[in-house]
Structures are given as C-alpha cells and as structure tokens.
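This report concerns only the one structure given below.
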Amino acid sequence: MNNIEINQNESKINLNAEIKLQKKNGIRILYLINLKRIISNKGIIATSLVFLIIALIFNIICSSFLKRNDTVEIGIIVLSIGFFFELFTFVIFLTIASVDLIKKQMLDGIQHIETRSGIPMWKSFLLRYLVFLTITEGIAFLNLFISVIVNSAFIWKFNLISTITWSKLFFYILFILIWTPIVFLVTTICSISGSVILNIFLGIIIIMSSFFSSMVSSLFSPDEMQNSIYVMKKNLKLDITNSFYNSLKNDQNINEIFNDVGVNEKSLIFNKLNDKFIALNLTNFNLSELSYLSVKSNLNDTNFQSKKTLIKYSLYGGMPNISLNPYIEYLEENTNLAARMENETFLLEGIPIFNILNDIYNTVNANMKSDNNKPPVNKPGYIGGVIIQKNQYESKATLHDLKPIIEWLTEQETTSKYSLLLDWVLKAYNTYADSLSLEGTKYSSSDEESIFPIFFAENFDWKKTFPEEINIENDYNNQLSKVYKRYPELLILNWFTTQSWLNTMTSMASLKKISWSQENNYANEEETYRNYQILANNSILKNNINIFQYFGTLYLNLFGSGFKRDYLLSNSPIMYSGLTSGYKNYLDLAKVDLRKNQNNNPLTPIFNEISLKRKFGSSPWLAYLSYFIFSIILIWLAYLAYKRKSRI
C-alpha cells in the first residue's frame with residue numbers, strides 16, 4: 003500500500019514538473035515567435051535600416067573631421083546635427099516596434115489567446131517588454147559595432163574626441179531603457195494612429211528642446227556665454243597646472259623652478275626679465291603683466307617688432323633659448339646692468355626653468371649628427387605648433403607624438419634626472435592636447451589689449467617654427483632654428499613646460515563686460531572671481547534642472563573629463579550646454595591674482611596658498627539614474643494600462 007502511495011506521489015511530482023516545463027517552454031516559444039514576428043515586420047525593418055543608414059552617413063562625415071585635429075570643431079557641429087536626424091529616425095523605429103508588439107497584437111486578439119492558455123498578464127507584458135528590448139538594443143549595438151569600425155582611426159585612443167564618440171554610441175543603448183516605458187504607455191493608451199503621432203511628437207519635443215535651449219543661450223546671452231568660456235579655459239588651466247605642481251614639487255632635480263626669491267627679496271623672474279628689457283631698450287618690465295605681456299619700446303626703435311616677437315617666442319612660444327644677442331644694447335654704458343647680466347643672452351637665463359630646458363636642448367643638439375645615438379625624428383618637414391601640418395597645402399593634420407623623443411631623453415645621462423618632468427609632459431600632453439589644439443592660430447597685433455588671453459598666454463601664430471620677422475644674423479640662432487625644425491616635439495615640450503610653470507606661479511582672470519551696460523561689473527579681481535563663481539553655479543544648476551537640455555547634454559557628455567568636455571562643446575552653438583563642472587571657491591584665487599603683486603615681490607606657486615575644491619557638477623550618470631528611477635514608475639503605469647486594456 004505504501005509503495006502505491008509513493009508511486010502516486012512521484013507521478014504527481016513528475017506531472018507538475020512536466021506542466022512547469024511545458025509552461026516554461028511555452029513562454030520561451032512565445033518569446034521566439036514574437037521575436038521572429040517583429041523581425042520580419044517590413045515597417046520595423048525599413049525604419050531600423052533608415053536609422054542605421056543615417057547614422058552611418060553621419061559617422062563617416064564625422065570621422066573625416068574628428069580624426070583631424072584641425073577640423074575637430076566642424077566634427078562637433080556635424081555630431082550635433084546628427085543628433086537631430088539620428089534620434090528622430092530612432093524614435094520612429096521605436097514607435098513602429100511598440101505598435102506592432104502591443105497595439106496590433108491587442109487588436110488581433112493574440113493577447114487574449116495567451117491569457118486563455120494560462121499565461122498571467124504580467125508575463126504577457128514582460129514578454130513583450132523583453133522582445134522590444136531585444137530588437138531595439140540589438141539595433142543599437144549593431145549601430146555601435148558599425149560606428150566603431152568607421153571611427154577606428156581614433157576611437158580606441160580614449161582621448162577627448164574618442165570619449166565624445168563613445169558617449170554618442172552608448173546614448174542610444176541607454177536611451178532605449180528610458181524611452182521604452184514612455185512609448186509603451188502611449189501605445190497602450192492611444193489608438194494606433196494616435197500613438198504614432200503622439201510618440202513622434204514627444205520625440206520631436208525632446209530633440210528640438212536641446213536645440214532651442216542652446217540657441218537661446220547663443221542669441222540672448224552672448225556675454226554670459228563668452229564669460230562661461232573664459233571660466234572653462236580657467237578650469238582647464240588650473241587642472242593642468244595643479245597636476246604640474248603636485249607631480250614635481252618634491253623632485254629635488256626640478257622643484258627649484260618653484261623658488262622665485264632673488265636679490266633684495268625681489269622676484270628672481272622680475273630681476274632677470276627687467277634687466278633684459280632694459281638691455282633691449284624697452285620700457286621697464288612689470289611682474290603684474292607676466293600673463294598678459296604688453297611689450298612697449300622707447301621711441302624711434304626700428305627693431306621693435308623683432309624684439310617683441312623674440313620676447314614672446316622666448317616666454318610663450320617654446321623657444322626659451324633663442325638668443326637676444328642681436329639686439330642687446332647699452333651694456334657698455336650701463337656697467338651695473340652688464341655686471342648683473344654676466345653675459346646672459348637669453349630672456350629666461352638665470353632662472354632655474356631655463357637650466358632644465360637648456361640642458362634638454364643641448365642634449366638634442368649635441369646628438370643630432372651622432373651615428374649611434376641620434377634623437378628619433380618623428381615628423382621631418384613640419385611647420386606648425388601643437389598640430390602637425392607639413393605644409394600649408396597638406397590636407398592631413400594631427401597631433402605630435404612626443405613619446406619617441408621623451409623616451410630618448412630619459413635614457414640620456416644629461417637629462418635622465420629630469421625623467422619625472424619628461425614623463426609628466428608626455429602624459430599631460432596626451433591628455434590635454436586635444437583641448438589646446440582647439441585654439442587654432444589666431445593672432446592679436448594690439449599692444450594695448452591682452453595679447454595672450456588664451457590657455458597659456460600664447461595666442462600667437464603657431465604656423466611658424468621660427469619667427470621669420472626676426473633678423474637672426476648669428477650662428478647660434480641659425481642652428482637653433484635647424485634643431486627646432488627637425489625636432490618640433492622639442493618645441494612643444496618647451497612650450498608645455500614653460501606655460502605650465504608660468505601658470506603655476508601666476509594666476510589672472512578675465513571676463514567680458516556686459517555689452518549693453520555702462521557699468522564695469524568686473525572692476526577688480528575679487529569681483530571677477532565672484533562672477534566666475536556665479537557663472538559656474540548658475541550654469542551647473544541650469545544643467546541639473548533644465549529638462550529641455552537633458553538629452554542633448556547626455557548625448558555627448560557620458561564619458562571623459564568635464565573640464566575638457568565643456569570647452570570642446572562650447573564650440574558647437576547647437577549643443578552648447580555651458581559649464582557642467584567647476585570649483586566651489588573661485589574667490590580664493592583673488593588672493594593670488596597677479597595684479598596684487600605691484601611691488602614685484604617673489605612669486606610662489608598659487609597652490610601653496612590655496613586649495614581648490616571641486617564642485618559637484620552636472621553628472622550625466624546621475625541624470626541617467628534619475629531617468630531610470632522615473633522609468634520604473636512609468637513602466638508600472640504602462641503595465642496597469644496594458645492590463646486594463648487587455649480585459650476590454
């Protein structure tokens with residue numbers, strides 16, 4: 003009897019297991035049937051292909067611009083335009099897929115058949131949700147795969163341009179998770195035609211709101227937009243120089259560059275530069291003008307333009323060891339000056355930074371003609387700055403590769419002691435060169451205005467390896483020109499080091515006055531930095547609460563440094579979002595502003611006196627998280643609507 007009961011229990015268990023297996027297989031079969039059905043839908047095939055083709059077209063166009071550093075700004079504008087066309091077709095694709103999966107199957111009675119077959123309502127809804135995600139995410143990943151192939155020239159570099167491109171590709175993958183509950187809810191509630199119209203209309207609102215939000219800033223707040231760009235540049239400069247100082251301050255072979263105490267407790271930089279200015283028959287140098295140097299001459303100086311250009315290239319152009327010798331005057335008449343200068347012929351000579359850069363230059367120069375230890379030649383025939391351009395008709399432009407010559411320098415006996423500096427330059431240049439190259443080759447000829455208002459006070463013509471207007475009638479300068487022409491990476495190394503050092507020792511800020519106002523709102527450094535803080539706070543707040551800007555911001559802001567990304571996107575009037583990152587205490591910078599040093603006292607690294615605190619900015623990941631939480635609520639509402647409609 004007991005054996006019979008045991009056999010009956012085993013039969014029930016097996017029967018229940020078989021029923022569960024059949025239900026499980028039934029769900030799997032229904033999933034595959036629905037997936038096959040939606041894949042074979044001509045409308046879905048057509049709209050997905052349209053999206054992929056449009057995305058491919060914009061990928062090809064963008065790739066041609068983004069892989070060249072001289073056309074990055076155009077590439078960003080094309081990316082912005084692509085946002086409208088790609089997202090519009092993608093929304094249509096999502097709409098057609100949802101109509102087929104939900105509304106059409108409701109009208110055909112397929113959902114009722116599933117219910118009579120014992121499939122719970124929540125499983126029926128979940129089944130369609132998973133099928134929808136499978137097909138839509140599949141298209142999004144296919145787009146990603148195609149885009150990676152098209153953009154293979156730069157996408158794996160993981161630099162600024164690469165992260166912008168990756169952000170765009172992952173946007174569609176994440177957008178599906180956000181938009182699916184909306185499209186499901188609308189499709190369930192409305193008729194077929196109504197759901198198509200309303201879903202597309204909502205998509206257009208999302209797309210165009212980003213455009214109008216950016217255009218409003220461009221058209222109605224041009225001064226605020228320009229001042230925000232000043233803050234973006236300041237953020238980048240502070241980011242670079244903070245890294246420079248913290249990386250090198252403890253290196254005994256390098257940290258002497260941060261000591262500026264000269265004779266009579268005056269600034270060493272001031273003493274040395276002022277002596278050179280006097281020897282060049284120029285007006286006295288003032289340390290408070292160091293970041294925005296305005297060179298002026300005494301009257302009737304026929305060589306003034308050459309002297310001015312020489313000084314700017316020495317201080318700002320990566321040529322600290324260009325000789326002043328053709329223009330040094332009055333040394334015989336001024337014995338005190340001659341004694342102080344001690345036959346110095348370089349602008350920065352006598353300042354520790356010069357010793358380091360001159361050692362590096364002499365090492366390269368001494369080995370140029372070596373048979374077994376020649377410095378590596380990367381781009382012979384080069385004629386232009388941060389961006390490589392072999393000649394003015396060359397179509398290809400890209401960034402320098404500093405790695406070969408820096409690795410060579412770290413192995414040389416005379417320069418290996420500077421390996422920490424060299425390694426920092428290589429890493430920082432690779433990190434920030436994309437941003438620095440956006441400045442182009444503008445030139446200001448005005449002596450009355452700030453001549454160098456850009457990143458590193460170096461807004462002059464980078465297209466010349468050596469300033470042609472300087473009369474270099476001496477053998478040393480002729481050889482110098484040959485070295486820099488053959489090794490432009492050395493020019494960039496000098497430039498990046500000198501400007502990082504200058505901006506570690508000095509800080510100065512600029513803002514544009516409100517064009518329609520008679521009052522100068524930025525009369526002093528405290529007021530200037532106070533407005534920096536206001537601009538940063540307001541812009542970050544606007545980006546956090548402006549729902550019309552969200553999707554445009556998320557499109558290109560998912561990865562990478564906020565400081566670099568802000569400045570890059572400031573060049574696109576279509577996708578401009580202002581500041582998304584900043585500091586909490588800009589006003590502290592007023593304490594170390596260069597304009598306060600009217601007595602030419604010794605400079606100290608600005609980060610000795612202040613500690614900048616990063617502000618929690620506009621986080622795209624936090625925005626996505628908020629949307630995901632909201633989408634959970636919407637998907638629940640969509641399920642309730644689906645459940646109610648299915649019973650009618």
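When you read off a place in the sequence shown, starting at 1, and then add 2, the result is the number in my numbering.
Cβ coordinates follow ideal geometry from the N, Cα and C atoms, glycine included.
Presumed contact (8 Å Cβ cut-off) between Phe565 and Tyr247, rounded CB distance: Phe565 to Tyr247, Cβ: 17 Å. No contact.
Name the DSSP beta bridge partners of Lys617, please? Gly584
Residue range of the unbroken alpha helix (DSSP H) whose run includes Pro354: Pro354 to Asn369
With DSSP collapsed to three states, give me the class of Leu401. strand
Might you give, ordered along the chain, the residues of its own chain that have their beta carbon closer than 7 Å to the beta carbon of Ser655, omitting 5 neighbours on each side? Lying outside 3 to 650, the shown extent of the chain, residue 655 is not represented and no answer is given.
Using beta-carbon positions only, say whether Ile180 and Tyr629 come within less than 9 Å of one another. yes
Keeping to the same chain, check which residues put their C-beta closer than 6 Å to that of Leu605; ignore five residues upstream and five downstream. Asp262, Ser269 and Met507
For Asn153, which residues of its own chain have a beta-carbon under 6 Å away from its beta-carbon, when the five flanking residues on both sides are left out? Ser65 and Thr167
Would you kindly work out how many angstroms separate the C-alpha atoms of Val265 and Thr530, rounded to a whole number? 33 Å
Beta-carbon separation of Tyr534 and Leu238 under 9 Å? no
Taking all protein chains shown into account, do 16 or more other C-beta atoms lie within 10 angstroms of the C-beta of Thr304, making it buried, or fewer, making it exposed? exposed
Tell me whether Ala640 is buried or exposed, calling it buried when 16 or more other Cβ atoms sit within 10 Å of its Cβ. buried
Neighbour-count burial assignment, Ser446, 16 or more Cβ in a 10 Å radius: Only weak support is given to the placement of Ser446: the predicted model assigns it a pLDDT of 36, under 50, and the value that follows is read from those uncertain coordinates. Exposed, since its Cβ has fewer than 16 Cβ neighbours within 10 Å.
What is the DSSP secondary structure of Ser1, reduced to helix, strand or coil? For residue 1 there is no data in the structure shown, the boundaries of the chain being 3 and 650.
Relative to the alpha-carbon of Asn255, which residue among Phe85, Phe147, Asp361 and Met123 has its alpha-carbon at the smallest distance? Asp361
Look up Phe160 in the DSSP assignment and say whether it is helix, strand or coil. coil
Buried or exposed, going by whether 16 or more other CB atoms sit within 10 Å of the CB of Phe214? exposed
For Pro622, which residues from the same chain have a beta carbon less than 6 Å from its beta carbon, with the 5 sequence-adjacent residues on both sides left out? Leu556, Asn559 and Leu560
Under 9 Å, do Asp425 and Ile408 count as touching if we go by C-beta distance? yes
Pairwise C-alpha distance: Ala155 and Ile56: 20 Å
Note down the Cα distance separating Ile115 from Arg130, rounded to an integer number of angstroms. 15 Å
Could you give the residue range of the alpha helix (DSSP H) that holds Met234? Pro224 to Leu250
Can you tell me whether Glu88 is buried or exposed, with buried defined as 16 or more other CB within 10 angstroms of its CB? buried
Own chain partners of Lys251 with C-beta closer than 6 Å, once the 5 adjacent residues on each side are dropped: Asn257
Residue of Lys106, Leu627, Ser541 and Asn327 minimising C-alpha distance to Thr190: Lys106
Is there contact between the stretch 39 to 48 and the stretch 90 to 110, where contact requires at least three CB pairs shorter than 8 Å? yes
Who are the Cβ neighbours of Leu146 in its own chain at under 6 Å, not counting the five residues just before and after it? Leu171
Could you give the DSSP three-state label for Leu81: helix, strand or coil? helix
Let's see if you can read the secondary structure: which residues bound the alpha helix (DSSP H) around Gln414? That residue, Gln414, is in no alpha helix (DSSP H); it is neither H nor E in DSSP.
Can you list, in chain order, the residues of its chain with a C-beta nearer than 6 Å to that of Gly84? Leave out the 5 residues immediately preceding and following it. Phe60
For Phe348, which of helix, strand or coil comes out of DSSP? strand
Of the residues Gln501, Phe95 and Ala625, the one placed nearest Phe53, counting alpha carbons only: Phe95
Return the bridge partner residues of Ser269 from the DSSP annotation. Val263
In whole angstroms, give me the CA-to-CA distance for Ile631 and Pro607. 46 Å
Quick one: is Trp158 buried, meaning 16 or more other Cβ sit within 10 Å of its Cβ, or exposed? exposed
Terminal residues of the continuous alpha helix (DSSP H) containing Phe561? Careful: Phe561 lies outside any alpha helix (DSSP H) and carries neither H nor E.
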